[in-house]
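According to the working numbering, the sequence shown is numbered sequentially starting from 753. Structure, as structure tokens:
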Amino acid sequence: MLETLKEKVYKANIDLVKHGLVLFTWGNVSGIDRKSNLVVIKPSGVSYDIMKPNDMVVVDLNGKVVEGDLRPSSDTPTHVVLYKAFPDIGGIVHTHSTYATAWAQAGIDIPNIGTTHADYFHDAIPCTADMTEEEVKGSYETETGNVIVKRFEKINPIHTPGVLVKNHGPFSWGKDADEAVYHAVVLEQVAKMASISFAINPNLTMSPYLIEKHFSRKHGPNAYYGQKKK
Ligand SMILES: [Zn+2]
């Protein structure tokens, strides 16, 4: 079942390694089929060099395994919460990529201070609040999803396709698994550039009209970056 999506999600997981976002098995990608509401996700703790498309696990929106011999990623409950809360997304990525995780550990939103950031993320890339002791000791991975959703109460998840979970690391998403990986790469690069920029000048700024210009030329009704869509 969902063979094409399995192939796609498998490839997206391999791409995470190719882009240098993952050490060992510290990362996962999933994709959802919105017609059946089934999610295809990486199996838990399986090394990338022996992983096959058929090892991908199919779960429903309660996180229950529908097909697959292996256990799904331990972060599956977080993915499921996000798919339910953000109906327009089709793929999710989680990594512990170095610079994004450094900002998550510092507990600070990554401010929008450059056109690279503004091309993909309209606002600061937000960092979640601390999780409570109850949340950590309870259904930890589900609650991780819930703190993300809470942080997005006033943020459009399509315009800001990523988040830092405090003391943990980044999650990103997109219209499918490929775009979620793309945003994970951009998020890591933006985090890296922001770290260096603030080291050079802690008082740097960017004007809101420059942010608006860059975001709107790639997104929205008057977008003109790249080639015309057929
Ligand atoms: Zn993690």
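Backbone N, C-alpha and C define an ideal beta-carbon position, used for all residues, glycine too. Treat the numbers as computed from the prediction; the structure is a model and nothing was measured.
Original post:
So H846 is in the beta strand (DSSP E); what residue range does that whole segment cover?
Top reply: 843–847
Original post:
How long is the line joining the alpha carbons of V937 and E759, rounded to whole angstroms?
Top reply: Answer to the nearest angstrom: the Cα atoms are 20 angstroms apart.
Original post:
For P922, which residues does DSSP report across the bridge?
Top reply: According to DSSP, which records beta bridges pairwise, P922 is partnered with L916.
Original post:
With respect to 6 angstroms, is the separation between the Cβ of G914 and the closest non-hydrogen atom of ligand 2 below this value?
Top reply: Absence of ligand 2 from the depicted structure is noted, with ligand 1 being the only ligands included.
Original post:
Below 7 angstroms between beta carbons: does that hold for V774 and L768?
Top reply: yes
Original post:
Helix, strand or coil: which one does DSSP assign to S905?
Top reply: Going by the sequence as given, residue 905 is Glu instead of Ser. It is coil, neither helix nor strand.
**OP:** Note down, in chain order, each residue of its chain lying with its Cβ closer than 6 angstroms to the Cβ of H935, except the 5 sequence neighbours on either side.
**Re:** P913, G914, S924, G926
Original post:
Using a threshold of 6 angstroms, is the CB atom of G921 nearer than that to any non-hydrogen atom of ligand 1?
Top reply: yes
Subject >> 6 angstroms Cβ shell around P829 - same chain, five flanking residues per side excluded >> reply: Taken in chain order, the residues that qualify are G815, E893, T894.
Subject >> Runs of beta strand (DSSP E) wholly within the region 809–834 (minimum 3 residues, chain order) >> reply: Counting whole runs of 3 or more residues, the region 809–834 contains the beta strand (DSSP E) stretches 809–811, 817–819.
**OP:** Could you check which residue in V810, G772, A852, G797 has the C-alpha nearest to that of G783?
**Re:** Among V810, G772, A852, G797, the Cα nearest to that of G783 belongs to V810.
**OP:** Compute the distance between the beta-carbons of D827 and H846, then report whether it is under 7 angstroms.
**Re:** Yes, they are a contact pair.
Original post:
With a Cβ-Cβ cutoff of 7 angstroms, do V792 and L813 count as a contact?
Top reply: no
Subject >> Spatial distance of D821 from S799 (CA atoms) >> reply: Their Cα atoms are separated by approximately 16 angstroms.
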